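Trainee: Residue 628 is where the sequence shown ends in the working numbering, and the numbering goes up by one at each step. Note that the Cβ used here is the ideal one computed from N, Cα and C, for glycine as well. Note that the coordinates shown come from a computational prediction; the quantities given were computed from them, not determined experimentally. Once you've had a glance at the structure underneath, I'll fire off some questions.
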Amino acid sequence: MADLLTNNSPENYGDDAIVTLSPREHIRLRPGMYIGKLGDGSQADDGIYVLIKEVVDNSVDEFIMGAGHQVDITIEDRVVTVRDYGRGIPLKSLSAAVSEMNTGGKYGGSAFKKTVGLNGVGVKAVNMLSSEFEARSVRDGETRTVTFVKGLEQSDRWESGVGEPNGTLIRFRVDEEVFGPYDYNLEYVEQLVRNYTYLNLGLTFNFNGTAYVSKNGLLDLLNENMTEDPLYAPVHLSGDDIEIAITHGTGYGENYYSFVNGQYTSQGGTHQAAFREAIAKTVKEFFRKDYDPLDIRTSIIAAISVKVTDPVFESQTKIKLGSKEIEPGVSMRNFVMDFLTKHLDDYLHKHPETAQILQKKIVENEKERKAISGIQKKARETAKKVSLNNRKLRDCKIHRTDKSELAERSMIFITEGNSASGSITKSRDVRTQAVFSLRGKPLNCFGLTKKVVYENEEFNLLQAALNIEEEIDNLRYEKVVIATDADVDGMHIRLLITTFFLQFFPDVIRRGHLYILQTPLFRVRNKKETHYCYSEEERLKALKQCGANAEITRFKGLGEISPDEFREFIGEGMRLDRVRITKDDPIHDLLEFYMGKNTFERQGFIIDNLRIEEDLVEQDLALS
């Protein structure tokens with residue numbers, strides 16, 4: 005199929021160069037247009053999870069319409085099965101509903117209102133991107149089952165007199181021909197399931213034999229996902245087509261969970277923007293103080309869910325809402341504003357203890373902001389001057405905020421020392437890869453205020469390079485990659501930089517932008533082949549392949565790897581570990597233990613948990 009688009013040289017541009025692809029061919033050739041990125045399952049937003057969501061969305065839509073209160077999901081041997089107990093897809097239309105683009109029951113009429121799946125694409129994309137696909141519908145004792153391979157129908161079977169409850173079953177295996185090797189991280193699927201339960205009270209999900217159900221909606225979400233103790237009990241408000249939960253923590257940044265019609269909008273959208281504006285206005289009017297909106301929202305932890313008629317998202321993946329109206333004639337901004345102005349104001353009047361704690365937090369944020377305002381201007385001017393000739397930053401041409409098809413590939417490597425940054429600089433793709441070089445070990449900023457970001461030249465320049473001072477949305481790079489040596493000093497630097505982000509810019513981590521670069525420990529080669537090994541196990545495996553006379557090189561640091569070799573490690577096959585914050589991570593406690601002043605306690609922990617790795621000399625000798 006790819007050869008359809010290869011004959012594109014200027015001299016060959018004629019009528020024969022104009023190609024019309026079928027929907028199936030287009031989806032398989034350009035899957036990213038339909039499901040975002042592909043991925044191997046190591047990240048929560050990889051395409052294999054989007055495909056699960058596209059199927060489950062349809063089951064949830066049935067529940068929203070009052071049909072079915074249970075959804076069963078199983079993942080076994082990379083085969084995904086989703087069974088709901090709704091009305092079942094009309095039997096005569098089953099095959100078309102799962103295989104013919106722009107075919108569905110959500111384009112008009114009253115069958116579906118305020119649902120997620122509206123454009124007739126999702127489940128078809130799943131079908132065409134699967135090596136195996138089965139759709140089965142049961143309606144009043146009648147059933148029809150159709151099977152497909154890579155979107156092409158293989159069988160069609162009808163049965164009568166079955167004793168199964170009504171509903172739809174979808175079973176599929178993602179096509180490795182399109183996605184490459186992949187595997188499911190069940191934690192990501194579990195979180196997906198939990199998000200569905202928070203937004204659909206009364207809907208039970210059975211995932212691999214475990215039942216998930218929520219009794220308190222967004223209140224459960226906040227309580228189960230907060231990584232720190234809230235300053236006050238979360239405020240939980242709900243009304244027609246809207247639900248909100250709000251509290252404040254002790255950290256920096258703003259942490260939002262936003263949903264539209266049960267769909268998790270990880271990049272927010274018009275409803276989240278309206279909420280941010282509305283909460284600042286409501287709080288200012290309640291206290292009758294002209295507080296800065298930033299002081300009100302700093303450290304906020306909140307969730308918002310709205311139900312929108314015919315929602316418009318900015319992409320097929322539905323992670324950012326574009327609708328300006330919640331329903332025809334009612335603007336999103338006014339709807340959210342009116343709700344908060346009334347209900348949050350009422351809540352604060354009824355709960356003066358919460359209002360008191362909130363005001364105290366706002367005043368603290370204001371004091372800190374004003375305390376650093378004097379040095380901010382000077383630091384910004386310094387950063388601006390240095391940015392014109394910053395030897396520590398080797399910038400790239402295309403950034404995350406640019407309108408370019410390469411924008412999502414933009415990244416910045418944070419390196420230690422000139423030798424490592426030199427190798428990366430010479431090897432990088434100048435279009436999308438930037439390099440920021442540290443002088444050495446950065447300051448341990450745990451327990452310090454944001455004032456240190458401006459007083460410390462290195463942190464100030466890093467903040468300026470990333471462009472995250474005002475808004476995380478302004479981040480210039482899709483991936484911020486910590487690239488250090490795989491030794492004790494390198495690990496320490498990783499921890500110090502991670503502490504910087506956790507302390508002052510946690511949203512960089514929450515939104516999945518911070519990564520650790522894996523670099524090889526060994527090179528094993530003979531005259532015919534070369535293997536780069538990231539562990540002792542990989543080294544032994546390479547030795548078996550290359551034979552006893554293979555040359556083994558141990559890389560002590562990034563600076564020892566030649567630029568030509570380094571190109572292998574920051575290219576298409578780059579190994580990255582995403583830094584994640586989960587509900588099980590007590591951030592403050594972890595930072596206090598590992599980065600605090602409890603030196604003796606930490607030493608004892610290290611001694612008690614020290615592992616001694618023996619060189620596998622005997623195994624090496626056996627190979628020879």
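What's the gap between the Cα of isoleucine 610 and the Cα of leucine 298?
Mentor: When rounded, the distance between both Cα atoms is 41 Å.
Trainee: Skipping 5 residues on each side, what residues in its chain have a beta carbon closer than 7 Å to that of glutamate 51?
Mentor: The identity of residue 51 in the sequence shown is glycine, whereas the question assumes glutamate. Counting only Cβ-Cβ distances below 7 Å, and skipping sequence neighbours, we find Pro35, Ile39, Gly40, Lys41, Leu42, Gly43 and Phe183.
Trainee: Report the option in Thr254, Val60, Glu247 and Gly253 whose CA atom is closest to the CA atom of serine 262.
Mentor: For serine 262, the closest alpha carbon among the candidates Thr254, Val60, Glu247 and Gly253 is that of Glu247.
Trainee: Taking all protein chains shown into account, decide if serine 26 is buried (16 or more other Cβ within 10 angstroms of its Cβ) or exposed.
Mentor: exposed
Trainee: Would you kindly work out how many angstroms separate the C-alpha atoms of valine 84 and glutamine 74, rounded to a whole number?
Mentor: Pairing valine 84 with glutamine 74, the inter-Cα distance amounts to about 17 Å.
Trainee: In whole angstroms, give me the CA-to-CA distance for glutamate 533 and arginine 161.
Mentor: C-alpha of glutamate 533 to C-alpha of arginine 161: approximately 52 Å in a straight line.
Trainee: Threonine 436 to asparagine 189, Cα distance in whole Å?
Mentor: 28 Å
Trainee: List the whole-angstrom C-beta distance separating tyrosine 236 from serine 218, where the pair is believed to meet the contact cut-off of C-beta under 8 Å.
Mentor: In fact, because the Cβ distance is near 22 Å, the residues do not count as touching under 8 Å.
Trainee: Which term fits proline 169, buried or exposed, when burial requires 16 or more other beta carbons within 10 angstroms of its beta carbon?
Mentor: exposed
Trainee: Give the range of the beta strand (DSSP E) segment to which asparagine 210 is assigned.
Mentor: 208 to 211
Trainee: Among the residues of its own chain, which have a CB less than 6 Å from the CB of methionine 37, if the five just before and after it don't count?
Mentor: Within its own chain, no residue has a Cβ closer than 6 Å to the Cβ of methionine 37 once the five positions on either side in sequence are excluded.
Trainee: Can you tell me whether glutamate 157 is helix, strand or coil according to DSSP?
Mentor: It is a strand residue.
Trainee: Starting from the C-beta of glutamate 138, find all residues in its chain whose C-beta is less than 8 Å away, skip the five residues before and the five after it, and write them out in chain order.
Mentor: Here the set comprises Thr149, Val150, Thr151, Phe152, Leu173, Ile174, Arg175 and Phe176.
Trainee: In the DSSP assignment, what residue or residues form a beta bridge with alanine 307?
Mentor: Ala249 and Tyr261
Trainee: Cutting at 6 Å between CB atoms, please list the residues of its own chain near arginine 1, excluding the five before and the five after it.
Mentor: Residue 1 falls outside the range modelled here, since the chain spans only 5 to 628, and no answer is possible.
Trainee: Of all the options Asp76, Glu412 and Val239, which has the alpha carbon lying nearest to the alpha carbon of glycine 516?
Mentor: Glu412
Trainee: Helix or strand or just coil, what does DSSP make of glutamate 168?
Mentor: coil
Trainee: Scan the region 474 to 554 and note each continuous beta strand (DSSP E) run of 3 residues or more that stays entirely inside, going in chain order.
Mentor: 483 to 487, 518 to 521, 526 to 529 and 534 to 537
Trainee: Name the residue from Glu475, Gly451 and Ser441 whose alpha carbon lies nearest to the alpha carbon of glutamate 461.
Mentor: Answer by Cα proximity: Ser441.
Trainee: First and last residue of the alpha helix (DSSP H) that includes aspartate 342?
Mentor: 336 to 354
Trainee: Measuring straight from C-alpha to C-alpha, what distance separates asparagine 478 and glycine 255?
Mentor: 20 Å
Trainee: My guess is that threonine 269 and lysine 324 are in contact by the Cβ rule of under 8 Å, so how many angstroms apart are they, rounded?
Mentor: 6 Å
Trainee: Can you tell which of Gly221, Met132, Arg198 and Pro510 has its C-alpha closest to the C-alpha of valine 214?
Mentor: Inspection of the sequence shows that residue 214 is occupied by threonine rather than by valine. If we check each option's Cα against that of threonine 214, Arg198 comes out closest.
Trainee: Do isoleucine 300 and glutamate 258 have their C-beta atoms within less than 8 Å of each other?
Mentor: No.
Trainee: Rounded C-beta distance between leucine 521 and phenylalanine 417? I'm assuming under 8 Å.
Mentor: Right, their Cβ atoms sit about 7 Å apart.
Trainee: Taking Cβ to Cβ, would you say valine 485 is nearer than 8 Å to leucine 580?
Mentor: yes
Trainee: Going by CA-CA distance only, name the one from Glu596, Phe570, Tyr481 and Leu55 that's closest to histidine 403.
Mentor: Tyr481
Trainee: Do the CB positions of asparagine 369 and threonine 302 come within less than 8 Å of each other?
Mentor: yes
Trainee: So what's histidine 275 in DSSP terms, helix, strand or just coil?
Mentor: DSSP places histidine 275 in helix when its eight states are reduced to three.
Trainee: For threonine 523 versus alanine 546, is the C-beta distance shorter than 8 Å?
Mentor: Result no, Cβ atoms of threonine 523 and alanine 546 do not sit closer than 8 Å.
Trainee: Considering only the beta carbon of each residue, do glutamine 276 and tyrosine 260 sit closer than 8 Å?
Mentor: yes
Trainee: How about arginine 529 and alanine 554: are their beta carbons less than 8 Å apart?
Mentor: Yes; because the gap between Cβ atoms is below 8 Å, this pair is in contact.
Trainee: Looking only at C-alpha atoms, which of Ala21, Ser408, Arg140 and Ser46 sits nearest to valine 59?
Mentor: Arg140
Trainee: Kindly indicate which residue of Ile250, Ser103, Val193 and Gln267 has the alpha-carbon position closest to the one of isoleucine 283.
Mentor: In terms of Cα proximity to isoleucine 283, the closest of Ile250, Ser103, Val193 and Gln267 is Ile250.
Trainee: Report all residues from its chain with a CB closer than 8 Å to the CB of serine 408; omit the five preceding and five following residues, and keep chain order.
Mentor: Ile402
Trainee: Check each candidate in Asp144, Val130 and His347 and name the one with the smallest Cα separation from leucine 156.
Mentor: Val130
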